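Residue numbers (this note's numbering): 14 to 362. Structure, as structure tokens:
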Amino acid sequence: MMWIVLLVCIIVICVLYGRGILGILYWRHQPEEFVLADCLVAGLTVVIGLAETAHLCAVFLKISFSRCGILFGGMCILLGCLSLLVCALGKSRSAGQAVREGESGYTQKKGSRFQKNGYNWGKAEKVLAGLLGVLVVSQVIFLLAGWGRYLQGDMTVETVGSFLYTDAVYEVNPLTGDVYQEGMPARLKILCLPSLYGMLCRIFALDPRTVVWMVVPLVTLVCSYGAFSCVGRCLFPGDGKKVLCFLAVIALMLWAGAYWFGMDGFGLLYSGWRGVVIRNLVLLPWLVSLCLRRKWRAVLLCVAAESCMVWTLYGLGVCAFVAVGLAACTWLSGRKQYVTHSADRRKGR
């Protein structure tokens, strides 16, 4: 099925783009300090940024939606080539560094990324992994079955359909088909998710309902667990049992929160295509993990992605406020340790 091809392509492309952008931001340390889940979420922010660029061209330069899709595809190809180049250069650089260390007789006292984060799978880990797998698979089945789509007040599919039908962006009302007379609020008009979904529909020849109601929620689900796994690795480094337990608890909380509108579980399982859901369950957990690791440059990716897909009334700027708060806590913690260490040294003298 074509929607499966689209799902796989999105995940692979996100991983590739994420590897490239993190390689650019952290050229010296990226191979050792980032995992596949980091690349997946970082790549999603890059895809949103590319869609926003094409969308703004359509809104302000008045180009057709079909040309907008061509522009988006061209940027994706160029960035894919750049990401492949960055990955190749990173591998050659790591290989050269390993050769130099071997020739100098220097051996680094730390394992590879997989050894550092690798887990000893005992009975408890297998049970937790099985429980987590059952919970995640049940959520995937729930999304594929389409039992719980919350469509009240949501016009995403209609908006995407109007883009495809009129070959223009925000020119007609998706409900009435009439041309807008007074226009739309600027902050609402520059949001790119409908254009992103529409461009995916056009590229893969899929119906908007398939992309919006099936493919995008599955991508959100995968990226959400990837983001939470990064948080688990930061909280419990090297402890597979605790990380799996953490993810299982998250899965249970998402199921438990599916009973009421406004809960994160409800958003993930009933409206995973909305920007606020992607912000709450993908960007914010990954941002927390980045702040815990003090990867401040990558935090900007979360802040920029949020501004491209969340309207003001839905809490625009949450990522920035959380990042500032965690940065302040990190600074205060470091300051306290410095003062304590200085006092201990003075007492020792």
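By construction, the Cβ of each residue, glycine as well, lies at the ideal position given by its N, Cα and C atoms. For clarity, every value in this text was computed on a predicted model and none was experimentally measured.
Buried or exposed (CB count within 10 angstroms, at least 16 for buried), residue i
{"i": "THR120", "result": "Any answer about THR120 is weak, because its pLDDT of 46 lies below 50 and its placement is not dependable; what the coordinates show is given next. That one is exposed."}
{"i": "ARG287", "result": "buried"}
{"i": "GLN165", "result": "exposed"}
{"i": "PHE47", "result": "buried"}
{"i": "LEU157", "result": "exposed"}
{"i": "MET364", "result": "The question about residue 364 has no answer, for the chain in this structure spans 14 to 362."}
{"i": "SER242", "result": "buried"}
{"i": "PHE299", "result": "It should be pointed out that residue 299 corresponds to Trp in this sequence rather than to Phe. Its Cβ being crowded by 16 or more others within 10 Å, TRP299 is buried."}
Helix, strand or coil at residue i according to DSSP, with G and I counted as helix
{"i": "VAL48", "result": "coil"}
{"i": "VAL185", "result": "strand"}
{"i": "VAL11", "result": "Past the boundaries of the shown model lies residue 11; the chain is included only from 14 to 362, so the question cannot be answered."}
{"i": "SER125", "result": "For SER125, the predicted model reports a pLDDT of 36, less than 50, meaning its position is unreliable and no value from the coordinates is stated."}
{"i": "SER151", "result": "helix"}
{"i": "LEU305", "result": "helix"}
{"i": "CYS205", "result": "coil"}
{"i": "ASP252", "result": "coil"}
{"i": "LYS139", "result": "helix"}
{"i": "PRO198", "result": "coil"}
{"i": "LYS104", "result": "helix"}
Residue i - containing alpha helix (DSSP H), residue span
{"i": "ASP220", "result": "Unbroken run through ASP220: none, as it is neither H nor E."}
{"i": "ARG292", "result": "ARG292 -> no alpha helix (DSSP H), and no H or E assigned at all."}
{"i": "TYR238", "result": "229 to 248"}
{"i": "ALA271", "result": "It is not in any alpha helix (DSSP H) - ALA271 carries neither H nor E in the DSSP assignment."}
{"i": "THR172", "result": "169 to 179"}
{"i": "LEU282", "result": "277 to 283"}
{"i": "MET15", "result": "15 to 38"}
Option in the options with minimal Cα separation from residue i
{"i": "ALA261", "options": "VAL72, TYR178, LEU141 and VAL225", "result": "LEU141"}
{"i": "ASP18", "options": "MET168, TYR193, LEU204 and VAL229", "result": "Per the sequence presented here, residue 18 reads as Val, with Asp not at that position. Comparing Cα positions, the closest option is VAL229."}
{"i": "SER96", "options": "VAL150, VAL256, LYS308 and ILE26", "result": "ILE26"}
{"i": "ILE263", "options": "ASP277, VAL72, TYR193 and TRP273", "result": "ASP277"}
{"i": "PRO187", "options": "ALA101, MET168 and LYS139", "result": "MET168"}
{"i": "PHE78", "options": "VAL173, THR233 and SER302", "result": "VAL173"}
{"i": "VAL312", "options": "GLY328, VAL99 and PHE334", "result": "PHE334"}
{"i": "VAL295", "options": "LEU314, ALA341 and CYS89", "result": "LEU314"}
Cutoff 7 Å; reference residue i; Cβ partners in own chain excluding five residues on either side
{"i": "THR223", "result": "TRP16"}
{"i": "VAL235", "result": "ILE24"}
Own chain partners of residue i with C-beta closer than 8 Å, once the 5 adjacent residues on each side are dropped
{"i": "TRP324", "result": "ARG200, LEU201, LEU204 and GLY288"}
Residue i at chain C interface by Cβ criterion, 8 Å
{"i": "LEU213", "result": "The structure shown has no chain C; it contains just one protein chain."}
Cβ neighbours of residue i in the same chain (closer than 6 Å, five flanking residues each side left out)
{"i": "VAL232", "result": "ILE23"}
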